[in-house]
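Number of protein chains: 2
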Amino acid sequence: MSRELSYPKTTTNKVNRYNQRASYDALTIHRIVNATSVLHVSFVVPSDPKDPSSAPLPMILPMIGQMGSFDYPSSDETDALDCYLHGYVSSRIINLARGVEGIPLCVAATKVDGFVLSLTPNSHSYNYRSAILHGTATLVIDPAEKLYAMELITNSVIPDRWNHTRIPPDEAEMSSTSILKLKISSASAKVRIGPPMDEKKDSERPGLREKVWTGVVPVFEALGVPIPSLDNAVNEVPEYVGVYVEKRNKAEKMHADLVGRSTRL
Amino acid sequence: MSRELSYPKTTTNKVNRYNQRASYDALTIHRIVNATSVLHVSFVVPSDPKDPSSAPLPMILPMIGQMGSFDYPSSDETDALDCYLHGYVSSRIINLARGVEGIPLCVAATKVDGFVLSLTPNSHSYNYRSAILHGTATLVIDPAEKLYAMELITNSVIPDRWNHTRIPPDEAEMSSTSILKLKISSASAKVRIGPPMDEKKDSERPGLREKVWTGVVPVFEALGVPIPSLDNAVNEVPEYVGVYVEKRNKAEKMHADLVGRSTRL
Chain A
1 MSRELSYPKT TTNKVNRYNQ RASYDALTIH RIVNATSVLH VSFVVPSDPK
51 DPSSAPLPMI LPMIGQMGSF DYPSSDETDA LDCYLHGYVS SRIINLARGV
101 EGIPLCVAAT KVDGFVLSLT PNSHSYNYRS AILHGTATLV IDPAEKLYAM
151 ELITNSVIPD RWNHTRIPPD EAEMSSTSIL KLKISSASAK VRIGPPMDEK
201 KDSERPGLRE KVWTGVVPVF EALGVPIPSL DNAVNEVPEY VGVYVEKRNK
251 AEKMHADLVG RSTRL
Chain B
1 MSRELSYPKT TTNKVNRYNQ RASYDALTIH RIVNATSVLH VSFVVPSDPK
51 DPSSAPLPMI LPMIGQMGSF DYPSSDETDA LDCYLHGYVS SRIINLARGV
101 EGIPLCVAAT KVDGFVLSLT PNSHSYNYRS AILHGTATLV IDPAEKLYAM
151 ELITNSVIPD RWNHTRIPPD EAEMSSTSIL KLKISSASAK VRIGPPMDEK
201 KDSERPGLRE KVWTGVVPVF EALGVPIPSL DNAVNEVPEY VGVYVEKRNK
251 AEKMHADLVG RSTRL
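The listed protein sequences derive, respectively, from chains A and B.
Heads up: the first sequence begins at 1 in full-length UniProt numbering, then just goes up one per residue.
Heads up: the second sequence begins at 1 in full-length UniProt numbering, then just goes up one per residue.
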């Protein structure tokens, strides 16, 4: 039983700085991806074959994504998973991802958990959780897998939302939806928790600690009171929405507070 | 007087989909970048010259950044500005950015403003503000410009924090801090506001509107109650911190609520 699945360290994903904050643990990485409302997906725009002086250029698209396994749908965050991505997929990406070989992507998931205020600007920091995935993405073609990914991604926004909407998607909806599946080749996470860390030269400087407030301002993603649309004909906010909003707010707030109070990593 | 400075449309930054949501207006773009706690910066890792089959690979780093102008420090968000970036800069980026030519970067700033829940998963969406910058970055070498950028970035986290800490940075701090300056060649923004937009086939489907709750769940970045560090020797949370936390929370919450209630874009 592999309870501690982890990604291999390679030259691509090896964390070189503050490496005591680094992790290659699959559970840590998958959790960060799944907790992040918007992922940033980067790919390379190849150089123009007609212009030998042109360089390959980086491009980023914001997308929604979740870790999942179509082959083993009962997998959890400790297992080997793929990253399913949904969003506006440029025709350029689609053409590159349509092939069997796929397109190399880098996916970043970042949650800011706090502003860390120390005695001197140089030691200021953030508490954060950051995951970076590297791999190759292909377009999901199989309708059953596409449906699996659409449900996974819809339910990542509001749990169980899928079953409370008009499903299944019709043919036009299925064909107009593009889902990318990232097979991960390497991945890493970086996490900072805890209070500011000042250098001795500052914390022992006479009078400085009495003048500069130091500590952590917790940061978290909050959900507001749901706003019914003008066309809405359901009297009350359903429980699966309302309860989730409350629960998520409590959990996000508590996390930011806890890591702000925690002892340093 | 150029009150409506905008970035040129090029093949790199032209928004092809939902282009009624697109903007090339400098003020819109600069505001999104400045309001985003963490930017995602992407660059290309060149292919391995020893391995002709290797492809250039995309890489993302999360960084903190702000728009600014060292040459015209009194500029505001309507003016021509550079993007100053701070964070862990890999030795690879530094080497590439050290040259006069610089390194091509793509910078993404994304704020999620709401989960938009419609009758069918296919029409689900986010309210969001997204800005994408393209350009070439160089390392800031001039100490005066570096100091300008460090103050700009520190104060983007908590306004006026810089003047309330031990400044100026000493020589070791100055030389250990890397700041990248992105000269923007093209940029674009995409903004979605408003309620869900359902297709007629669903909104006129008998009984469906009575079954599926539709509306917007506002999303915003919230700040918690500041947590003093164990070493802190200042009795109360200073006004410039406490008042900012309150004010920012109110503004972020109100923005998410307003765009959730606004008429469709």
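For glycine and all other residues, C-beta sits at the position ideal for the given N, C-alpha and C.
For clarity, every value in this text was computed on a predicted model and none was experimentally measured.
- Query: Do the segment 231–239 of chain A and the segment 204–221 of chain B touch if we need at least three Cβ pairs shorter than 8 Å?
  - Reply: Yes: the two stretches touch, three or more of their Cβ pairs being nearer than 8 Å.
- Message: Can you look up Gly260 (chain B) in the DSSP assignment and give me helix, strand or coil?
- Response: Locating residue 260 (chain B) in the second sequence gives position 260, where the first residue counts as 1. The answer is helix: DSSP assigns Gly260 (chain B) an H, G or I state.
- With a Cβ-Cβ cutoff of 9 Å, do Val219 (chain B) and Ser188 (chain A) count as a contact? Stepping through the second sequence from its first residue, residue 219 (chain B) is reached at position 219. Stepping through the first sequence from its first residue, residue 188 (chain A) is reached at position 188. In this structure, Ser188 (chain A) does not lie closer than 9 Å to Val219 (chain B) by Cβ.
- Does the beta-carbon distance from Leu223 (chain A) to Arg192 (chain A) come in below 9 Å? Position 223 of the first sequence holds residue 223 (chain A). Position 192 of the first sequence holds residue 192 (chain A). Taking 9 Å as the Cβ cut-off, Leu223 (chain A) and Arg192 (chain A) do not qualify as a contacting pair.
- Measure from the C-beta of Glu4 (chain A) to each C-beta in chain B and report whether the shortest distance is under 9 Å. Looking up residue 4 (chain A) in the first sequence gives position 4. Chain B, which has no Cβ nearer than 9 Å to the Cβ of Glu4 (chain A), makes this no.
- Leaving out the 5 sequence neighbours to the left and right, which residues in its chain are closer than 8 Å to Ala80 (chain A) when beta-carbon positions are compared? Along the first sequence, one-based indexing puts residue 80 (chain A) at 80. Within the same chain, Ala80 (chain A) has close Cβ partners Leu5, Ala26, Ser69.
- Task: Could you round the C-beta distance between Leu85 (chain B) and Leu147 (chain B) to whole angstroms and report it? I think they count as a contact, below 8 Å.
- Result: For the purposes of this step, residue 85 (chain B) is identified with residue 85 of the second sequence, where counting begins at 1. For the purposes of this step, residue 147 (chain B) is identified with residue 147 of the second sequence, where counting begins at 1. Not quite, the Cβ-Cβ distance comes to about 16 Å (not below 8 Å), so this is no contact.
- Query: With burial defined as no fewer than 16 other Cβ atoms inside 10 Å of the residue's Cβ, what is the status of Tyr126 (chain A): buried or exposed?
  - Reply: On the first sequence, residue 126 (chain A) is found 126 positions in, with the first residue counted as 1. Looking at its Cβ environment, which holds 16 or more other Cβ atoms inside 10 Å, Tyr126 (chain A) is buried.
- Query: To the nearest angstrom, how far is it from the Cα of Thr11 (chain B) to the Cα of Ser185 (chain B)?
  - Reply: Translated into the one-based positions of the second sequence, residue 11 (chain B) becomes position 11. Translated into the one-based positions of the second sequence, residue 185 (chain B) becomes position 185. Going by the C-alpha atoms only, they are around 12 Å apart.
- Message: Distance cutoff 9 Å, beta carbons only. Does Lys250 (chain B) sit that close to anything in chain A?
- Response: In the second sequence, counting from the first residue as 1, residue 250 (chain B) sits at position 250. Not closer than 9 Å to any Cβ of chain A, the Cβ of Lys250 (chain B) fails to qualify, so no.
- Task: Please list the segments of the alpha helix (DSSP H) lying wholly inside the segment 196–230 of chain A, counting only runs of 4 or more residues, in order along the chain.
- Result: 200–203
- Message: So, with DSSP's three-state summary, where would you put Ser6 (chain B)?
- Response: One-based indexing of the second sequence puts residue 6 (chain B) at position 6. Three-state result, Ser6 (chain B): strand.
- Task: Determine whether the Cβ of His40 (chain B) lies closer than 9 Å to any Cβ atom of chain A.
- Result: Stepping through the second sequence from its first residue, residue 40 (chain B) is reached at position 40. Yes, His40 (chain B) lies at the interface with chain A (some Cβ there is under 9 Å from its Cβ).
- Identify every residue that forms a DSSP beta bridge with Ile64 (chain B). In the second sequence, the residue the question calls residue 64 (chain B) occupies position 64. Paired residue(s): B:His86.
- Give the residues of chain B in contact with Pro195 (chain A), contact being defined as C-beta atoms less than 7 Å apart. The residue you call residue 195 (chain A) lines up with position 195 of the first sequence. Those are Ser229, Leu230, listed as they occur along chain B.
- Item | Span separating the alpha-carbon of Ser54 (chain B) from that of Gly102 (chain A) | Translated into positions along the second sequence, residue 54 (chain B) becomes position 54. Translated into positions along the first sequence, residue 102 (chain A) becomes position 102. Between Ser54 (chain B) and Gly102 (chain A), the C-alpha separation is close to 14 Å.
- Between which two residues does the beta strand (DSSP E) containing Lys14 (chain B) stretch? As a first step, residue 14 (chain B) must be located in the second sequence, where it is residue number 14. Note, Lys14 (chain B): premise wrong, no beta strand (DSSP E); not H, not E.
- Does the beta carbon of His134 (chain B) sit closer than 9 Å to a beta carbon anywhere in chain A? Indexing the second sequence from 1 puts residue 134 (chain B) at position 134. Closer than 9 Å to some Cβ of chain A, the Cβ of His134 (chain B) qualifies, so yes.
- Kindly give me the distance between the Cβ atoms of Val41 (chain B) and Val112 (chain B), rounded to whole angstroms, as I take these residues to be in contact under 8 Å. The residue you call residue 41 (chain B) lines up with position 41 of the second sequence. The residue you call residue 112 (chain B) lines up with position 112 of the second sequence. Not a contact, Cβ separation roughly 19 Å.
- Item | Test: Met67 (chain A) CB closer than 9 Å to a CB of chain B | By one-based count along the first sequence, residue 67 (chain A) stands at place 67. Output row for Met67 (chain A): interface = no.
- Using three-state DSSP, classify Met1 (chain A) as helix, strand or coil. Against the first sequence, residue 1 (chain A) aligns to sequence position 1. Per-residue confidence for Met1 (chain A) stands at a pLDDT of 41, beneath the threshold of 50, marking its modelled position as unreliable; the derived number appears in the next sentence. Correct three-state label for Met1 (chain A): coil.
- Query: Roughly how many angstroms lie between the CA atoms of Lys181 (chain B) and Arg166 (chain A), to the nearest whole one?
  - Reply: Within the second sequence, the letter at position 181 stands for residue 181 (chain B). Within the first sequence, the letter at position 166 stands for residue 166 (chain A). Approximately 48 Å between the Cα atoms of the pair.
- Message: Looking at the ligand MG, does it come within less than 8 Å of Ala108 (chain B), judged from the CB to the closest heavy atom?
- Response: For the structure depicted, the ligand MG is absent and the ligand set is empty, with no information on it obtainable.
- Within 10 angstroms of its Cβ, does Met254 (chain A) collect 16 or more other Cβ (buried), or is it exposed? As a first step, residue 254 (chain A) is located in the first sequence; it is residue number 254 there, counting from the start. That one is exposed.
- Item | Contacts around Trp162 (chain B), its chain only, beta-carbon distance under 6 Å, and the 5 residues preceding and following it disregarded | Translated into the one-based positions of the second sequence, residue 162 (chain B) becomes position 162. Counting only Cβ-Cβ distances below 6 Å, and skipping sequence neighbours, we find Glu151, Thr154, Asn155.
- Does the distance from the CB of Val157 (chain A) to the CB of Phe115 (chain B) come in under 9 Å? As a position in the first sequence, residue 157 (chain A) is number 157, starting the count at 1. As a position in the second sequence, residue 115 (chain B) is number 115, starting the count at 1. The answer is yes: Cβ separation under 9 Å.
- Task: Please list the residues of the segment 167–185 of chain B that have a C-beta atom closer than 7 Å to any C-beta atom in chain A, keeping them in chain order.
- Result: Ile167, Pro169, Glu173, Thr177
- Starting from Val112 (chain A), find everything on chain B with Cβ-Cβ shorter than 8 Å and list it in chain order. By 1-based counting over the first sequence, the position of residue 112 (chain A) is 112. Simply Ser37, Val38, Glu221.
- Does DSSP put Leu81 (chain A) in a helix, in a strand, or in coil? Locating residue 81 (chain A) in the first sequence gives position 81, counting from the first residue. Assignment of Leu81 (chain A) by DSSP, reduced to helix, strand and coil, places it in the coil class.
- What did DSSP end up calling Arg166 (chain B) once you bin it into helix, strand or coil? Stepping through the second sequence from its first residue, residue 166 (chain B) is reached at position 166. Note: Arg166 (chain B) maps to coil in three-state DSSP.
- Query: Who are the near neighbours of Ser23 (chain B) in its chain, counting only those whose CB is closer than 6 Å to its CB and skipping five residues on each side?
  - Reply: Locating residue 23 (chain B) in the second sequence gives position 23, counting from the first residue. Contacts found: Ala189.
- Taking all protein chains shown into account, decide if Ser2 (chain B) is buried (16 or more other Cβ within 10 angstroms of its Cβ) or exposed. The sequence position of residue 2 (chain B) within the second sequence is 2, counting from 1. Confidence is the limiting factor: at Ser2 (chain B) the pLDDT is only 46, short of 50, which leaves the residue's position unreliable, though a coordinate-based value still follows. When all chains shown are included, Ser2 (chain B) counts as exposed.
- Residue-chain proximity (Gly260 (chain B), chain A), Cβ-Cβ < 9 Å: Counting from 1 along the second sequence, the entry for residue 260 (chain B) is found at position 260. Closer than 9 Å to some Cβ of chain A, the Cβ of Gly260 (chain B) qualifies, so yes.
- With a cut-off of 9 Å, does the C-beta of Ile138 (chain A) fall near any C-beta of chain B? Within the first sequence, the letter at position 138 stands for residue 138 (chain A). The amino acid at residue 138 (chain A) is misidentified as Ile; the sequence shows Thr. No, its Cβ sits nowhere closer than 9 Å to a Cβ of chain B.
- Interface residues of chain A around Pro104 (chain B) at Cβ under 7 Å? Along the second sequence, read from residue 1 onward, the residue named residue 104 (chain B) stands at position 104. Near Pro104 (chain B) (Cβ distances below 7 Å), the residues of chain A are Ala55, Leu57, Pro58.
- Residues of its chain near Gly135 (chain B), where Cβ-Cβ distance is below 7 Å and the 5 sequence neighbours each way are ignored: Counting from 1 along the second sequence, the entry for residue 135 (chain B) is found at position 135. Correct list, in chain order: Leu105, Leu182, Lys183, Ile184, Ser185.
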